[in-house]
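Report on the following structure.
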Amino acid sequence: MSKDAKFCMGCGHPIILQNLYKILKNNNEDQKSVLGLDIGCSLLAWDFLQVNTFQTHHGRVTPTMVGFKRAKPEALTFAYTGDGGAYSIGLQSLLWSAKRNDPVTVIVVNNSVYAMTGGQTAPTTMKNQITLTSPVGNSEEPIDGLALVRAVNKKAFVARTAVNNPKQLQEYLQKAIESQKEGNFAIVEVLSYCPTSWKTFGIGTNNFLEGLKNVFVMGEY
Amino acid sequence: MSDKRFLNGYDVVLEACEDAEATQMFGYPITPTTEILSGWINKSLQNKNLHCLQTEDEVAAGFAVCGAVMAGAKAFTATAGPGTVLMQDALSMAEGMRLPFVALIGQRGGPSSGTVIYSQQEVNLSIHGGNGEGMRIVLSPSNLEELYSLTRKVFNYAYKYRFPSILLTDGYLLKTRQSFSLPETKIENQKLLALVDETSQKNIRNIYTLEKELMSELEKNKQDFEEMSKEIVEFEIYSSDVAIDDVGNLVIAHGIVGAVAKEAVDELNKQNKKVALFRPVSLSPFPKDELNKLAQKIKNIFVCESSLGQLRDLVKQNLEYEVKISGIFKPAVGVEAEEIVDLVLSNK
């Protein structure tokens, strides 16, 4: 089903990717699916699943998949990105794609940090969270990207779940695919593990994730 | 030709894109290429196969072109000046992944927002604007006929050789209105195959774990580019009635300055001055061998351009003989034939 994960031990990405693949395979839609990858930890998914994939640039996966979908409307197009790619450097394109109601599905992996570069403050870093670029704690509240998307698009499927809620993760990914098929934008944000950047071990990693759920509202928007 | 029409540069470019069977355009309004965006939208109202998206910025336009060509659609963008700067992000990805990316660039004055209609200051940016050492095809038209034929060529070259391909023009030529006729020889269109589709699984990357992997990719690209260069390199050598072997002075200019330089050469030849014009049409790949063939015999090179010396630097990079180089370097300002005549005549 997949190659060996190139992600760090305990990373949430493989859980999300394998759940996505399971749905596509069950729906017999794996061959018509195309997974565009942002730069960041997302890029490591480039040869992980048996679907067509390509890497893009940081913050640019959404407009790339918009171009792909416009050229080939029958494809199922996924823009797979981290929170920095989605809500910071790529926010303009994310919001405009949502505003236009482009029929693409964006999957945002929110681990509250820029993980590929070692754990810097991201748009989703919680207040007082310590990161490499907020050594005395983040002074800002995190952004709620989904609220922004909902503000510009009433038709889109917009939802947040977490890697340790696999049932809900599958449900939301399936709904996001349906949304694309109906011609609508969809975004699923997945709260995800990053023990490497969080510097957590064992149950501490799960506790950190549960803490994220207190800040980021779970469920459909 | 019997089908002479009175058209402006925008009409000509749009017709060329349609004849090239482009179907998707992505763009952001910026002078002097906005008319290509609005013109394509108008075309798409007449022809249901044509599509256009006015994106949120040039970055999105560029990446949407990347996505569309990967899906197998003939796609393009048009931009200028600060937009050309923003376009480098997508162009760099196209270089790295060998995507058939087509950009129509209307140079305007810089740096910064500069002026809005004309310059020849985006030569370096068009050829070398990416991080790393990606390779691009850059063609510079000097009149409406070339605006048409080179637009057709950038599409065909992009699809055949899979290097990002740029038509490098300016607002003066795009706004020029004159008699125009289609080329007598029919130009065949190169097919574009989807890079990604359901017939096979592909995993395409642009980031490498090992330095050596990247180096071998770049070496292969370089080799492909050099092999391709022999087939597509393009230039014009012009003089009215002076045998090229007898020429001691060479004016070098590109784009519309190249057209102006022809007038200057005519006048100089009339005054028995042994001068010819060398006009690179492909700035990248540069017609190096042809320049050096001429350079063996000449004493003076006069580079004339609307920039501080971007073409001169290209000439210097490619020149293998010691020839005195002077010229007219007017950043973002047009060059007149009389200036070129005076420059050549004043040279002792």
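Residue numbers (numbering that gives the first Met the number 0), protein chains in the order written: chain Y, 0 to 220; chain U, 0 to 347. Heads up, the beta-carbon is just placed ideally off N, CA and C, and yes, glycines get one too. Computed from a predicted model, the values in this text were never measured in an experiment.
Query                                                                                                                                                                                               : Result
Taking 8 Å as the cut-off, decide whether the C-beta atoms of residue 329 of chain U and residue 305 of chain U are in contact.                                                                     : yes
Using a 10 Å radius around the Cβ and a threshold of 16 neighbouring Cβ atoms, would you call residue 97 of chain U buried or exposed?                                                              : buried
May I ask you to report which of helix, strand or coil DSSP gives residue 117 of chain U?                                                                                                           : coil
According to DSSP, is residue 160 of chain Y part of a helix, a strand, or is it coil?                                                                                                              : strand
Within the chosen definition, does the segment 176-195 of chain Y reach the segment 96-106 of chain Y through at least 3 CB pairs nearer than 8 Å?                                                  : yes
Use the C-beta contact count for residue 218 of chain Y: other C-beta atoms within 10 angstroms, 16 or more gives buried, fewer gives exposed.                                                      : exposed
Hey, residue 121 of chain U and residue 136 of chain U are a contact pair by Cβ (cut 8 Å); roughly how many whole angstroms apart?                                                                  : About 15 Å; that fails the 8 Å criterion.
Evaluate residue 208 of chain U with the Cβ neighbour count: other Cβ atoms within 10 Å of its Cβ, from every protein chain shown; 16 or more gives buried, anything less gives exposed.            : exposed
Got a sec: is the Cβ-Cβ distance from residue 102 of chain Y to anything in chain U below 8 Å?                                                                                                      : no
Under 9 Å Cβ-Cβ, which residues of chain Y neighbour residue 93 of chain U?                                                                                                                         : Here the premise fails: no neighbours, minimum Cβ distance about 11 Å.
Helix, strand or coil: how does DSSP classify residue 328 of chain U here?                                                                                                                          : strand
Considering only residues of the segment 130-204 of chain U, which uninterrupted alpha helix (DSSP H) runs meet the minimum length of 4 residues and lie entirely inside it, listed in chain order? : 143-160, 170-174
Cα separation between residue 55 of chain U and residue 131 of chain Y?                                                                                                                             : 32 Å
Which chain U residues are close to residue 49 of chain Y, counting only those with a beta carbon under 7 Å from its beta carbon?                                                                   : 200
Between which two residues does the alpha helix (DSSP H) carrying residue 227 of chain U extend?                                                                                                    : 210-231
Can you tell me the Cα-Cα spacing of residue 194 of chain Y and residue 170 of chain U, whole angstroms?                                                                                            : 54 Å
Is the number of C-beta pairs between the segment 37-53 of chain Y and the segment 162-174 of chain Y that are closer than 8 Å three or more?                                                       : no
Between which two residues does the beta strand (DSSP E) harbouring residue 54 of chain Y extend?                                                                                                   : 51-54
For a contact meaning CB atoms closer than 7 Å, what does residue 92 of chain Y contact in chain U?                                                                                                 : 55, 59
When you compare only the Cα positions, how much space is there between residue 319 of chain U and residue 291 of chain U?                                                                          : 6 Å
State the Cα-Cα distance for the pair residue 19 of chain U and residue 12 of chain U, rounded to the nearest angstrom.                                                                             : 10 Å
Would you mind telling me which residues of chain Y sit closer than 7 Å to residue 197 of chain U, beta carbon to beta carbon, in chain order?                                                      : 30, 31
State yes or no: is the beta carbon of residue 46 of chain Y nearer than 8 Å to at least one beta carbon in chain U?                                                                                : yes
From the DSSP output, in three-state form, read off residue 0 of chain U for me.                                                                                                                    : Any reading at residue 0 of chain U must be qualified, since the residue scores a pLDDT of 46, below 50, and its modelled position is unreliable; the value itself is stated next. Coil at residue 0 of chain U, not helix or strand.
I'd like to know whether the C-beta of residue 54 of chain Y is nearer than 8 Å to at least one C-beta of chain U.                                                                                  : yes
Mind listing which residues of the segment 23-39 of chain U have their C-beta closer than 9 Å to chain Y's C-betas, in chain order?                                                                 : 23, 25
Can you check which of these residues, Y:150, Y:121, Y:95, Y:145, is closest to residue 137 of chain Y by C-alpha distance?                                                                         : Y:121
Quick one, are the C-beta atoms of residue 143 of chain Y and residue 109 of chain Y less than 8 Å apart?                                                                                           : no
Tell me, which residues are paired with residue 323 of chain U by DSSP?                                                                                                                             : U:299
Do the segment 19-37 of chain U and the segment 159-175 of chain U touch if we need at least three Cβ pairs shorter than 8 Å?                                                                       : yes
Less than 8 Å separating the beta-carbons of residue 124 of chain U and residue 138 of chain U?                                                                                                     : no
By the criterion of Cβ-Cβ separation under 7 Å, what are the contact partners of residue 67 of chain Y in chain U?                                                                                  : 66, 67, 69, 70
Can you tell me the Cβ-Cβ gap for residue 204 of chain Y and residue 39 of chain Y, rounded? I've got them flagged as a contact below 8 Å.                                                          : With 8 Å as the limit, residue 204 of chain Y and residue 39 of chain Y do not qualify as a contact, their Cβ atoms being about 19 Å apart.
With DSSP run on the structure shown, which of helix, strand or coil describes residue 21 of chain U?                                                                                               : coil
Touching or not, the segment 84-98 of chain Y and the segment 74-89 of chain U, by the rule of three or more beta carbon pairs under 8 Å?                                                           : no
Just to confirm, are residue 49 of chain U and residue 39 of chain U a CB contact at a threshold of 8 Å?                                                                                            : yes
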